[in-house]
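Worksheet: the structure to be examined is printed underneath.
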Amino acid sequence: MMQSKIAVGVFAMMALMGNVYAADVSTCPKVSDIKSSPYTSDDKNIPAPFNEGYKYTATANGKTWTGVTMATNDDYLAKKYELKAESFDGSICSYGGKTLVENGETAVPYLKLKAS
């Protein structure tokens, strides 16, 4: 009897935590609102081609969101990556998507946008 009460309590707590997580992700900009442009870092300590990638920007919920990916030729906003918000920690939204292998190279889409 006691074990079933504990199990029900744990299940209820997990369900509530899942709802909080979903609410947090809704704070993140929609993928369709994110814009990308080629980016090159001006940090002299990062050699080419590792200093090249994409800059991502969005405006959502009254905030400006920005992020960059480097050492990649892949724009993770391409439909093939199926990018989606995965977590929000209060100021940073993390996005992930479908891992693809093309021409022997693996692309694992991952993007962080920080609110300002």
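Take any residue in the sequence shown, note its place counting from 1, add 2, and you have its number in the working numbering.
Idealized CB from N, CA, C, for every residue including glycine.
As the structure is a computational prediction, the values presented were derived from the model and not from experiment.
By the criterion of a C-beta distance shorter than 8 Å, Val70 is surrounded in its chain by Tyr41, Ser43, Gly55, Tyr56, Lys57, Tyr58, once the five residues flanking it on both sides are discounted.
By the Cβ test, the stretch 106-117 is in contact with the stretch 67-81, since at least three Cβ pairs between them sit closer than 8 Å. For the 8 Å CB-CB criterion, Lys82 and Ala60 do not form a contact.
In the structure shown, Tyr78 falls within a coil segment according to DSSP collapsed to helix, strand and coil. Taking the Cα of Ser39 as reference, the smallest distance to any Cα among Asp26, Gly92, Thr74 is reached at Thr74. Per the C-alpha coordinates, the member of Asn105, Glu107, Leu102, Tyr97 positioned closest to Lys32 is Tyr97. Shown here, Val27 sits in a helix according to DSSP, grouped into three states. For the 8 Å CB-CB criterion, Gly99 and Lys116 do not form a contact.
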